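*Asks:* The opening position of the sequence shown corresponds to residue 133 in my numbering, with each subsequent residue numbered one higher. The beta-carbon is built from N, C-alpha and C at its ideal position, and this holds for glycine as well. Model, not experiment: these values are computed from the prediction.
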Amino acid sequence: MPSNNKDICAYFYESLGQAMYRCKQCGSERKQLAGTGYSNLIAHLAHRHDGFKDQFAATLSSTNSPLQAFGFVSEETSHRFQWMQWVVERNMPLSEVDHERTREMSKWKVVSSRVLLSSMHHVAKKSGKNLEEILGVCFGVMYDGWSHGCMHYVAVYGVFVENGEVSVQLLAVSPLEEGSQDADAHIKLFDGVLNVYNKKLDMVASIVGDNCATNQSVASKISVPLVGCASHRFNLAVNRFLADSEPLLTQFNTLMSKLSQANNFAQLAKATNLHPIKRNITRWSSSFEMLQRYERIRPQIKTMEAVEELIPTGASHRKLIKLLQHMKKFDSVTKKLQCDGIDLADVRLLFDSVIADYPCMREQLKPTAKIVHSPEFEAAAVKAINGGAMSSAEKAAVKRFEEPKRGTKREERAEDYASQILRAGPSKRPKTGGRSDGTIY
Numbered sequence: 133m134p135s136n137n138k139d140i141c142a143y144f145y146e147s148l149g150q151a152m153y154r155c156k157q158c159g160s161e162r163k164q165l166a167g168t169g170y171s172n173l174i175a176h177l178a179h180r181h182d183g184f185k186d187q188f189a190a191t192l193s194s195t196n197s198p199l200q201a202f203g204f205v206s207e208e209t210s211h212r213f214q215w216m217q218w219v220v221e222r223n224m225p226l227s228e229v230d231h232e233r234t235r236e237m238s239k240w241k242v243v244s245s246r247v248l249l250s251s252m253h254h255v256a257k258k259s260g261k262n263l264e265e266i267l268g269v270c271f272g273v274m275y276d277g278w279s280h281g282c283m284h285y286v287a288v289y290g291v292f293v294e295n296g297e298v299s300v301q302l303l304a305v306s307p308l309e310e311g312s313q314d315a316d317a318h319i320k321l322f323d324g325v326l327n328v329y330n331k332k333l334d335m336v337a338s339i340v341g342d343n344c345a346t347n348q349s350v351a352s353k354i355s356v357p358l359v360g361c362a363s364h365r366f367n368l369a370v371n372r373f374l375a376d377s378e379p380l381l382t383q384f385n386t387l388m389s390k391l392s393q394a395n396n397f398a399q400l401a402k403a404t405n406l407h408p409i410k411r412n413i414t415r416w417s418s419s420f421e422m423l424q425r426y427e428r429i430r431p432q433i434k435t436m437e438a439v440e441e442l443i444p445t446g447a448s449h450r451k452l453i454k455l456l457q458h459m460k461k462f463d464s465v466t467k468k469l470q471c472d473g474i475d476l477a478d479v480r481l482l483f484d485s486v487i488a489d490y491p492c493m494r495e496q497l498k499p500t501a502k503i504v505h506s507p508e509f510e511a512a513a514v515k516a517i518n519g520g521a522m523s524s525a526e527k528a529a530v531k532r533f534e535e536p537k538r539g540t541k542r543e544e545r546a547e548d549y550a551s552q553i554l555r556a557g558p559s560k561r562p563k564t565g566g567r568s569d570g571t572i573y
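1) Unbroken alpha helix (DSSP H) runs of length 4 or more, entirely within the stretch 380-438: which are they?
2) Whole alpha helix (DSSP H) runs in the stretch 359-383 with 4 or more residues, listed along the chain?
3) Going by beta-carbon coordinates alone, are residue 351 and residue 325 separated by less than 8 Å?
4) State whether the stretch 206-215 contacts the stretch 230-243, with contact taken as three or more CB pairs (one from each stretch) at a distance under 8 Å.
5) Would you check if there are 3 or more beta carbon pairs closer than 8 Å linking the stretch 339-355 to the stretch 428-447?
6) Taking contact to mean 3 or more Cβ pairs, one atom from each stretch, closer than 8 Å, check whether the stretch 446-456 and the stretch 482-494 are in contact.
7) How far does the beta strand (DSSP E) with residue 218 in it reach, from first residue to last?
8) For residue 274, list the residues DSSP reports as bridge partners.
9) Could you tell me which residues DSSP pairs with residue 294 in its beta bridges?
10) Among 310, 421, 398 and 394, which has the Cα closest to the Cα of residue 384?
11) Please name the residue, chosen from 166, 169 and 148, that lies closest to residue 160 on a Cα-to-Cα basis.
12) Using a threshold of 7 Å, is the CB atom of residue 550 nearer than that to any non-hydrogen atom of the ligand GTP?
13) In angstroms, rounded to a whole number, what distance separates the CA positions of residue 439 and residue 267?
14) Which term fits residue 221, buried or exposed, when burial requires 16 or more other beta carbons within 10 angstroms of its beta carbon?
15) Measure from the alpha carbon of residue 292 to the alpha carbon of each residue in 533, 423 and 425, then state which is nearest.
16) At the 8 Å Cβ level, is residue 211 part of the contact set with chain D, yes or no?
17) I need the straight-line Cα distance from residue 348 to residue 337, nearest angstrom please.
18) Answer with buried or exposed for residue 188, where buried requires no fewer than 16 other C-beta atoms within 10 angstroms of its C-beta.
19) Compare the Cα-Cα distances from residue 451 to each of 151, 461, 379 and 508 and report the closest residue.
20) According to DSSP, simplified to helix, strand and coil, what is residue 199?
21) Consult DSSP for residue 156 and reduce its assignment to one of helix, strand or coil.
22) Return the CA-CA distance between residue 334 and residue 477, expressed in angstroms with no decimal places.
23) Any idea if residue 488 is buried or exposed, counting beta-carbon neighbours within 10 angstroms, 16 or more meaning buried?
24) How should residue 466 be labelled, buried or exposed, when 16 other C-beta atoms within 10 angstroms of its C-beta is the threshold for buried?
25) Using the DSSP secondary-structure output, state which residues sit across from residue 481 in a beta bridge.
26) Should the stretch 549-560 be regarded as contacting the stretch 495-514, the criterion being three or more beta carbon pairs within less than 8 Å?
27) Under 7 Å Cβ to Cβ from residue 301, same chain only, skipping five residues before and after it: list those, please.
28) For a test of the three-state rule: what should DSSP assign to residue 542, helix, strand or coil?
29) Are the beta-carbon atoms of residue 496 and residue 456 separated by less than 8 Å?
30) Span of the beta strand (DSSP E) holding residue 163?
31) Within its chain, find whatever has a CB closer than 7 Å to the CB of residue 164; leave out the 5 residues flanking it on each side and keep chain order.
32) Give the secondary structure of residue 305 by DSSP, where H, G and I count as helix, E and B as strand, and everything else as coil.
33) Out of 369, 275, 377 and 311, state which residue places its alpha-carbon closest to the alpha-carbon of residue 342.
34) In the structure shown, what three-state DSSP assignment does residue 145 receive?
35) Could you tell me the boundaries of the alpha helix (DSSP H) in which residue 457 lies?
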């Protein structure tokens with residue numbers, strides 16, 4: 133097969149973007165502008181790597197792989213992908229690529245909206261086939277919903293293990309049928325989504341979602357455990373702790389509301405670029421942000437006569453400082469719960485430590501809290517990760533997930549309140565001997 137400079141460069145160079153390429157032989161970086169040929173790249177090979185053409189020819193004769201496997205794709209394909217990426221990531225209408233001004237501003241090869249739509253269908257089909265293979269016959273489903281206008285949408289993710297690592301892939305973003313958001317409507321939606329990938333509901337081993345009654349009903353009806361949202365549980369627990377401080381929070385929110393009025397806002401803006409923040413009563417984190425903001429702009433607020441009567445006294449300020457210290461701890465736990473790599477054993481350790489420091493949160497955070505749909509499953513998962521002995525009920529709850537043990541290396545964590553708890557906790561290495569239920573979430 134005759135070779136050309138394009139194929140040779142595809143074999144010897146790795147594209148770095150922005151017209152830069154790295155030689156795979158020596159690591160040198162070279163620049164080659166699009167549309168100017170490959171002379172600069174070939175010159176480097178000729179000067180630094182004698183016999184490069186013979187090496188390339190020998191590789192071609194010993195493999196049946198297409199040239200695209202070496203890393204380069206055609207300029208047309210690359211430009212079409214960039215158009216697709218721009219439209220999708222910027223949430224643009226497809227017709228934008230047909231606009232004369234858009235085409236004038238772009239250096240990419242022109243593509244019509246019809247061709248781009250066809251390419252998107254092709255990519256979706258190929259991606260779907262790939263997901264169909266890697267999902268296998270046992271996987272989890274994670275989902276969440278939100279309303280926009282009169283429509284309620286649900287994002288559905290597949291959760292599976294690939295090459296020993298947990299992978300989460302978006303399967304669909306779909307509206308629920310109008311008039312119903314109950315468990316049966318969700319189950320029907322899941323069945324339809326899974327059918328796209330030639331999967332069945334009985335392949336779902338667990339579901340991950342909010343702890344609401346609808347999701348608990350879904351789990352019960354399809355007979356799988358529900359891993360409830362730990363952040364949701366912790367939010368309920370923090371709200372319980374803050375209940376006794378409600379008069380103080382109301383006082384500060386009244387002040388922030390007054391500062392948000394036009395005249396007061398304008399006066400405050402002359403003294404600081406920081407704006408007042410009002411809380412959202414459904415999220416404790418907004419109360420935390422409100423108090424933090426007050427602490428930062430307190431000196432500027434004290435100069436404003438219009439809100440003088442609303443400024444907290446010294447006693448109220450001291451209560452604020454004390455409350456902020458607790459809320460900073462809660463904030464570190466909330467952020468840790470949302471980190472990648474946090475598993476059910478981490479969650480249990482965090483919750484147990486918070487209960488020890490704040491007993492009033494026990495009802496929401498204890499392993500057998502009413503909000504927990506599958507306590508045996510969660511307890512078994514924690515013991516599987518930590519290497520603890522399970523009861524018969526716990527073994528049955530995770531039987532479907534049983535696999536040979538394997539060790540994992542924990543990453544070093546930052547030293548905040550939540551990290552200190554996890555660092556001081558028990559080792560998560562399975563006990564020697566026997567078989568371990570290595571459930572991963």
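*Replies:* So, to answer that:
1) The stretch 380-438 contains these whole alpha helix (DSSP H) runs: 394-403 and 416-433.
2) 362-374
3) no
4) yes
5) no
6) no
7) First-last for residue 218: 207-221, but that is the alpha helix (DSSP H), not the beta strand (DSSP E).
8) 289 and 340
9) 297
10) 421
11) 148
12) As presented, the structure is devoid of all ligands, the ligand GTP included, so that no description of it is given.
13) Their backbone Cα atoms lie some 59 Å apart in a straight line.
14) exposed
15) 533
16) Although the question refers to chain D, the structure presented lacks it and comprises just one protein chain.
17) Their backbone Cα atoms lie some 15 Å apart in a straight line.
18) buried
19) 379
20) Note that residue 199 scores 49 on pLDDT, short of 50, meaning its location in the model is unreliable and no value can be drawn from it.
21) Here residue 156 sits in coil by DSSP.
22) 27 Å
23) exposed
24) buried
25) Residue 481 is not bridged to any residue.
26) no
27) 263, 289 and 290
28) Residue placement at residue 542 is poorly supported in this model, since its pLDDT is 49, which falls under 50; the coordinates still yield a value, given next. Three-state result, residue 542: coil.
29) no
30) 161-163
31) 151, 153, 170, 172 and 173
32) strand
33) 275
34) strand
35) 446-469
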